[in-house]
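Presented below is the structure to which this report refers.
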Amino acid sequence: MKPTILFLCTLFSCSLLAQDPLYRMSTDKPRWATFENPKAATGVGGMENKTAKGHAYEPIKAGEVKTLLSVTGMGIVQRIWLTFNDRSSAMMRALRIDMYWDGATQPAVSAPIGDFFGISHGQIMPFENALFSSPEGRSFNCRIPMPFRKGARITVTNESDKELGLFFYDVDFQRVTALPPDALYFHAHWRREHKTELAKDFNMLPEVTGKGRFLGVNVGLITAAEYGKSWWGEGEVKIYLDGDGQFPTIVGTGAEDYIGSGWGLGKFIQWYQGCPIANDSTRQWSFYRFHIPDPIYFQQKLRATIQVLGGHSRDDVRRMLKEGTALIPVSLSHDKGFVRLFEGNPPALDAADFPDGWVNFYRQEDYCATAYFYLDKPVNGLPALAAVQVRTKGM
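Residues in the sequence shown are numbered from 10 upward in steps of one, following our numbering.
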């Protein structure tokens with residue numbers, strides 16, 4: 010199969026048979042990197058233990074870096090599979106995965122291993138979507154195509170304070186003789202704010218420069234206890250493209266709306282959108298959206314944010330304000346219409362003539378996000394991954 014067709018078919022989830030029949034021959038060379046053959050060299054796999062099962066896993070000591078893949082030349086990573094025995098939430102955040110393309114010294118991908126593979130808060134469960142899966146909640150699969158021109162290196166680092174006893178993996182890729190000239194490099198960036206700033210949007214993806222494609226985001230949220238079970242998801246997703254300044258080109262209508270739901274949010278897992286965690290008792294939520302059928306390209310730069318905005322009834326918001334809860338009312342929905350509290354001369358929330366209805370308000374939460382994107386260069390210039398203490402706080 011031609012590299013261009015293979016890359017596009019995998020990325021856009023198109024019908025392989027419709028684009029290029031499975032019976033067509035190709036000069037591409039399949040390779041699998043494992044602990045027994047991390048360089049995926051020709052004809053040297055399965056040599057240990059007299060060809061019997063001899064090196065399926067390795068331990069990763071506290072502070073140790075394991076190289077999963079280290080190759081030179083041109084290719085496309087097509088699948089990553091791994092599993093390990095300690096899948097506690099703390100270990101899922103303490104293990105970090107880094108990917109380097111074409112000899113770069115800065116990683117294009119740097120994220121906690123659990124978040125990278127599709128679910129926040131160090132949790133794992135059976136699921137499948139367009140890019141990630143865990144068939145039985147014990148393993149991690151990634152199907153994002155990752156082209157490279159001069160070489161690829163993938164590492165996992167144990168930043169916990171204890172040894173991880175059993176770590177298994179394979180990285181499957183094709184050695185190719187050519188890539189499309191416009192083939193982009195895959196990137197992923199993770200960040201967390203334990204307590205967002207009031208009335209300031211959370212950056213799911215800080216500004217990146219260059220040409221590329223925003224592939225999507227996996228977001229985690231722990232709501233602050235002071236807001237009780239009030240609704241947290243009124244925040245609109247904003248995507249700033251190219252020449253955008255103060256105002257973005259792309260704006261959504263609410264958090265659950267962004268992932269294709271509405272009027273609140275329960276657990277669901279679908280191909281391009283989902284909410285694997287929706288627990289108002291633990292105050293934890295996790296949701297994702299992949300822009301595969303609705304691509305978002307950028308020619309100069311991109312930034313993606315979400316408003317930290319919730320809502321509750323008028324009387325409940327009044328009560329929270331009296332209790333000293335950190336919030337700022339921004340709008341009101343009631344039976345006579347929609348009131349913008351930052352425009353015109355609306356009544357104060359505690360005024361007798363303030364209508365009864367649903368009040369949206371800025372709030373503060375614990376947010377994290379893993380953003381996935383392609384870029385026309387192997388280095389993205391984003392901040393380094395946060396320290397393990399930041400990643401694992403509260404776990």
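Don't be surprised by glycine CBs; every beta carbon is placed ideally from N, CA and C. On a predicted model such as this, the values are computed, not experimentally measured, just so you know.
Strand pairing of residue i, partner residues [DSSP]
| i | result |
| --- | --- |
| Ser342 | Phe347, Trp367 |
| Gln293 | Ile231, Asn288 |
| Met108 | Val118, Ile163 |
| His198 | Ser119, Ala380 |
| Gly283 | Ile278, Tyr297 |
| Trp41 | Asp181 |
| His321 | Val368 |
| Asn212 | Thr314 |
| Met155 | Val86 |
| Trp240 | Gly320 |
| Met136 | Reading off the sequence shown, one finds Phe at residue 136, where the question assumed Met. Answer is Ser143, bridged to Phe136. |
| Ile248 | Ile259, Ala313 |
| Asp375 | Ile231 |
| Thr218 | Lys310 |
| Leu173 | Ile69 |
| Asn46 | Thr43 |
| Ile305 | Phe223 |
| Asn150 | Trp90, Ser142 |
Whole-Å CB distance - residue i paired with residue j, under 8 Å assumed
| i | j | result |
| --- | --- | --- |
| Ile231 | Asn138 | Not a contact, Cβ separation roughly 22 Å. |
| Ile153 | Leu140 | 5 Å |
| Leu358 | Val348 | With a Cβ gap of about 11 Å, Leu358 and Val348 do not count as contacting. |
| Val165 | Lys75 | 5 Å |
| Ile173 | Phe256 | Note on residue identity: the sequence assigns Leu, not Ile, to residue 173. About 46 Å separates the two Cβ atoms, so there is no contact after all. |
| Ser129 | Gly229 | 3 Å |
| Lys59 | Gly112 | Between Gly112 and Lys59 the Cβ distance is about 36 Å, and since that is not below 8 Å, they are no contact. |
| Arg323 | Val368 | 5 Å |
Cβ neighbours of residue i in the same chain (closer than 6 Å, five flanking residues each side left out)
| i | result |
| --- | --- |
| Glu216 | Lys310, Arg312 |
| Thr334 | Glu235 |
| Tyr381 | Ala197, Leu224, Gly225 |
| Asp362 | Pro356 |
| Thr43 | Asp179 |
| Asp181 | Trp41, Gln87, Arg88 |
| Ser119 | Asp107, Leu394 |
| Ile268 | Gln282, Phe296, Arg298 |
| Leu330 | none |
| Tyr249 | Pro257, Arg312 |
| Asp124 | Trp199, Thr379 |
| Ser148 | Thr92 |
| Trp280 | Asn138, Ala139 |
Same chain, Cβ closer than 8 Å to residue i, neighbours up to 5 away in sequence not counted
| i | result |
| --- | --- |
| Pro144 | Pro135, Glu137, Asn150 |
| Gly254 | none |
Residue i vs residue j beta-carbon contact at 9 Å
| i | j | result |
| --- | --- | --- |
| Gly146 | Tyr297 | no |
| Leu336 | Arg292 | no |
| Trp240 | Gly273 | yes |
| Tyr383 | Phe157 | no |
| Lys276 | Ala264 | no |
| Gly219 | Asp385 | yes |
| Gly63 | Glu45 | yes |
| Asp210 | Thr314 | yes |
| Lys247 | Gly261 | yes |
| Phe176 | Glu57 | no |
| Asp344 | Arg201 | no |
| Gly320 | Glu206 | no |
| Cys377 | Trp110 | no |
| Ala117 | Val388 | yes |
| Glu245 | Leu318 | yes |
| Ile69 | Leu91 | no |
| Arg102 | Val339 | no |
| His203 | Val399 | yes |
| Ala39 | Gln183 | Reading the sequence as shown, one finds Pro at residue 39 and not Ala. Yes, these two residues count as a Cβ contact at 9 Å. |
Contacting residues, own chain, Cβ-Cβ under 7 Å from residue i (five flanking each side not counted)
| i | result |
| --- | --- |
| Met10 | Since pLDDT at Met10 reaches only 45, below the 50 mark, its modelled position is unreliable, and the value read off the structure follows with that caveat. Once the five neighbours on either side are set aside, the close Cβ partners of Met10 are Asp29, Arg33, Ser35, Asp37. |
| Asp251 | Phe307, Gln308, Gln309, Lys310 |
| Ala99 | Gly131, Ser169, Thr401, Met404 |
| Ser79 | Pro47, Lys48, Arg162 |
| Phe21 | The predicted model places Phe21 with a pLDDT of 46, which falls under 50 and marks its position as unreliable, so this point remains unresolved. |
| Leu188 | Pro12, Met83, Pro156, Arg158 |
| Pro285 | Ile128, Met134, Phe136, Lys276, Ile278, Ser295 |
| Ala208 | Ile337, Tyr371 |
| Asp289 | Lys238 |
| Ser1 | Not covered by the structure: residue 1. The range shown for the chain is 10 to 404. |
| Gln316 | Asp210, Gly244, Glu245 |
Neighbour flag for residue i against chain D, beta carbons, 9 Å
| i | result |
| --- | --- |
| Asp170 | Included in the structure is just one protein chain, with no chain D present. |
Counting only runs that start and end within the region 61 to 111, where is the beta strand (DSSP E) found for 3 or more residues in a row?
Under the rule that a run must span 3 or more residues, the beta strand (DSSP E) segments found entirely inside the region 61 to 111 read 66 to 69, 74 to 81, 84 to 93, 104 to 110.
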